[in-house]
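Peer 1: Residue numbering for the sequence shown follows this note's numbering, starting at 1259 and increasing by one per position. Can you keep this structure in mind? I'll have questions shortly.
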Amino acid sequence: MDYQNASQYSKRMVLENAVLTKSPEEIVILYQQLGEVECSARALGLACRFCGLAHVKALVENGANFTYTPPYLDSGYYSVYYWLSPLEMNDTLLQATFIKKVDECFKNVITVRGNNIKVLPMQQRVEIVKYLYEHREEVCLDAGELLFYAIISNNTQIIRVLKEYGVTFSKNRIINMSENGRGYEWFEFCNMLDKLGDKEYMEIVDTITKELDGKRLHYTNSIYWGNYNEYGKQYRLYKPEFFQFILDHFNQKKMNKSKHMKGVIDQNSVACLEICAKAGWLDMPRKRDEMIRYASECGRTECSAWLLDFKNRTADFAAERKKAEQKMMRELNANPNSVTEMKKIWGYEKRKDGTLVITRYKGSNTKVEVPEKIGSSIVTEIGNKAFSVYAKRLKDEQIDVRENITRITLPETIQVIGEGAFDSCPRLETVNIPHGVTAIGASTFLRCTSLTSIELPEGITKIEEYAFSNCQSLRSVTIPKTVEIIRREAFQNCGLEKVTILEGVSEIGPLAFSDCPLLKWIELPSSIKKIKNYTRSGQAPQTIFHKTEDVTAVVAPKSYAEKYCKRNQIPYVYKEE
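In structure tokens, the structure reads:
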């Protein structure tokens, strides 16, 4: 073979095959014949897992490294961490974002020319890790990330070696684990934790927490639902030992304390209530009395008795009565429409043109009416995450209210609805879209699982990504003729049964109507000129109806929509004239 004129793809395949079939000396000779080999990461990963230190050295000394350029992709976001290959590939680690389960680099046994090759003994892999660390700059090894994943896989020998070298988490990893809770690293982490048993969970989380420079782990709903989920029959959060562990290792400021205490009461766990009290969660009289009412309403007699006894032992009744009387007098004397009172309910900012943006809802009502004016200024915009449970710096009480909002009425002065404005309002059933609004922003109604209907007025030109994703009670929607584009996953995982798209829409993004199991009919107008499939390395293209198995499209003859349906084997019928 003429290696000098061979493509980089051919060189890479030759090198990967040689790693598993040739000696280190033969690999050195071959490498010299091949010249520069781009993307040698997989060959190096195979050597680390199945071949031994001599093979690894032969590759590294001739220029191999873990830099990985994803092939075949039009987007460069997806990669593979082949430097994870020395680790134990248990079920937990195999949930990692940058591991390909089907790749031989992450298997324990592979077959080469009819012979089975088993993964190297751990001691040999430890020696390889030492070598990789000593040459970490040459091989492009992220030692801090290797430590993180070694902890996740409970790979104690490799953890010990890395710690002996003084390896720590990167600043970015520490931030993602202790502060951010939004990036893929966090969601990957939560997904991997879900696979762990109680004891292993506590051991791994404890080890990771020790690497966070004295900080506690961030806390989000992903942690909560991973440990307390009736659908998944997971209830370990409220085992007293486990509950205490969570409070000790995760940032309590990010916890919805009311929701957690109600969960404690649901499980009738007096031991966990005692833990809540020691953590100061019942210090506020209003919060304490709320839990007493909840326990009584739910018929949890043991918790009710304990809470009443706690109140009798700790309450300063005279001080509480005086404070309540003072609050009542202030409320009786206040003008409900004054700017002072409005500030108690709404966070807002004034624009240069004098109009207002609602940035935060601070009220207690669950049927909400947004004012047309505050003072003399007109309200024209609902800001990003204004009603979302994922807005920053929310108090527990505010999260409780947002989770129970059922109706929101917007004034006709509204022109803009920001990204994620109503994200994860699980009981929101109805909201009106004013006629001046021109776009449904990204994630606007994401996870509004009780939203039953929505009327999209003419004038809207865009429906952004994830706008109605996971609206599982939404049964039908009509896309007005003014809409030009429906972005990716806009209606993913909805309860839609029928979708009508009027003439005017020209583009539909990837997976726009994916995972909608109830969807039977969708009208695709002749105005559509582009429909994008989702593509990913090693997978067949996924249509806009991926996992929407019973849908039939209504199309015009000889239209782009008809061609798309034919090409992707989607059932369709012609639109009646």
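We put the beta carbon where it would ideally sit given N, CA and C, even for glycine. Source: prediction; values computed, not measured.
Using a threshold of 7 Å, state whether the C-beta atoms of G1676 and S1701 are closer than that.
Peer 2: Contact flag unset, no.
Peer 1: Within 10 Å of its beta-carbon, does G1484 have 16 or more other beta-carbons around it, so buried, or fewer, so exposed?
Peer 2: Its Cβ being crowded by 16 or more others within 10 Å, G1484 is buried.
Peer 1: State the DSSP-derived secondary structure class of L1331, mapped to helix, strand or coil.
Peer 2: For L1331, the pLDDT reaches just 41, beneath the cut-off of 50, and the residue's location in the model is therefore unreliable, leaving the point undetermined.
Peer 1: Runs of 4 residues minimum, wholly inside the region 1303-1357: which ones carry the alpha helix (DSSP H) assignment?
Peer 2: Runs of the alpha helix (DSSP H) inside the region 1303-1357: 1311-1318.
Peer 1: Is the CB-CB distance between K1756 and S1731 below 7 Å?
Peer 2: In this structure, S1731 does not lie closer than 7 Å to K1756 by Cβ.
Peer 1: Looking only at DSSP bridge pairs, what is T1688 linked to?
Peer 2: T1688 is bridged to R1665.
Peer 1: In three-state terms, what does DSSP make of R1618?
Peer 2: Strand, per DSSP.
Peer 1: Go through its chain and collect everything with a Cβ distance to S1635's Cβ below 7 Å, but skip five positions before and after it.
Peer 2: Contacts found: K1608, G1612, T1613, L1614.
Peer 1: Using 8 Å as the Cβ pair cut-off and three pairs as the minimum, do the region 1351-1360 and the region 1306-1322 touch?
Peer 2: Not touching, per the Cβ criterion.
Peer 1: With burial defined as no fewer than 16 other Cβ atoms inside 10 Å of the residue's Cβ, what is the status of P1768: buried or exposed?
Peer 2: With 16 or more Cβ atoms within 10 Å of its Cβ, P1768 is classed as buried.
Peer 1: Thinking just about the alpha-carbon of each residue, which of R1685, N1570, T1572, M1549 is nearest to the one in C1561?
Peer 2: Among R1685, N1570, T1572, M1549, the Cα nearest to that of C1561 belongs to M1549.
Peer 1: Spatial neighbours of Y1423 within its chain, please: C-beta separation below 6 Å, excluding the five flanking residues on both sides.
Peer 2: Excluding sequence neighbours, Y1423 sits near Y1391.
Peer 1: According to the Cβ coordinates, are E1319 and R1300 closer than 7 Å?
Peer 2: No. Outside cutoff.
Peer 1: Taking only three categories from DSSP, how would you classify S1635?
Peer 2: It is a strand residue.
Peer 1: Between the C-alpha atoms of V1689 and L1668, what's the straight-line distance to the nearest angstrom?
Peer 2: Distance between the alpha carbons of V1689 and L1668 is about 7 Å.
Peer 1: Exposed or buried, what is D1658 when buried is set at 16 or more other beta-carbons lying within 10 Å of its beta-carbon?
Peer 2: Buried, because 16 or more other Cβ atoms sit within 10 Å of the Cβ of D1658.
Peer 1: Tell me whether F1364 sits in a helix, a strand or coil according to DSSP, three-state version.
Peer 2: Helix.
Peer 1: Can you give me the C-alpha to C-alpha distance between F1501 and K1511, rounded to a whole angstrom?
Peer 2: C-alpha separation (whole angstroms): 15 Å.
Peer 1: For the beta strand (DSSP E) that contains I1828, what are its first and last residues?
Peer 2: Run containing I1828: none; DSSP gives neither H nor E here.
Peer 1: Which residues in the same chain as A1537 place their Cβ atom closer than 6 Å to its Cβ, once the five residues preceding and following it in sequence are excluded?
Peer 2: Same-chain partners within the cutoff: L1505.
Peer 1: Short of 7 Å in beta carbon distance, which residues of its chain neighbour Y1335, apart from the five on each side in sequence? Order them along the chain.
Peer 2: With a pLDDT of only 38 at Y1335, under the threshold of 50, the placement of this residue in the model should not be trusted; the figure read from the coordinates follows. So no residue of the chain qualifies.
Peer 1: Between T1465 and the rest of its own chain, which residues show a CB-CB distance below 7 Å, the 5 nearest in sequence each way excluded?
Peer 2: Result list for T1465: I1409, in chain order.
Peer 1: Among T1696, M1460, R1745, whose alpha-carbon lies nearest the alpha-carbon of S1764?
Peer 2: Residue R1745 is the option with its Cα nearest to S1764.
Peer 1: Go through its chain and collect everything with a Cβ distance to C1823's Cβ below 7 Å, but skip five positions before and after it.
Peer 2: These residues qualify, in order along the chain: A1811, V1813, Y1830.
Peer 1: What does the Cβ neighbour count give for H1693, buried or exposed, with the cut at 16 atoms within 10 Å?
Peer 2: Exposed.
Peer 1: Residues in its own chain within less than 8 Å of T1787 by CB, not counting five upstream and five downstream?
Peer 2: At residue 1787 the sequence reads Lys, which differs from the Thr that was named. If we look at K1787 and ignore the five residues flanking it on each side, its Cβ neighbours are S1764, E1765, Y1818.
Peer 1: For G1521, I'd like the list of residues in its chain whose CB is within less than 8 Å of its CB, leaving aside the five on either flank, ordered along the chain.
Peer 2: For G1521, where only same-chain residues beyond five positions count, the Cβ hits under 8 Å are Y1486, L1495, Y1496.
Peer 1: Round the Cβ separation of T1696 and I1672 to the nearest angstrom and send it over; I've been treating them as touching at under 8 Å.
Peer 2: Going by Cβ atoms, the distance from T1696 to I1672 rounds to 11 Å, so no, they are not a contact pair.
Peer 1: One question on the structure: do T1617 and G1641 come within less than 7 Å of each other, judged by their Cβ atoms?
Peer 2: Yes, the Cβ-Cβ distance between T1617 and G1641 is below 7 Å.
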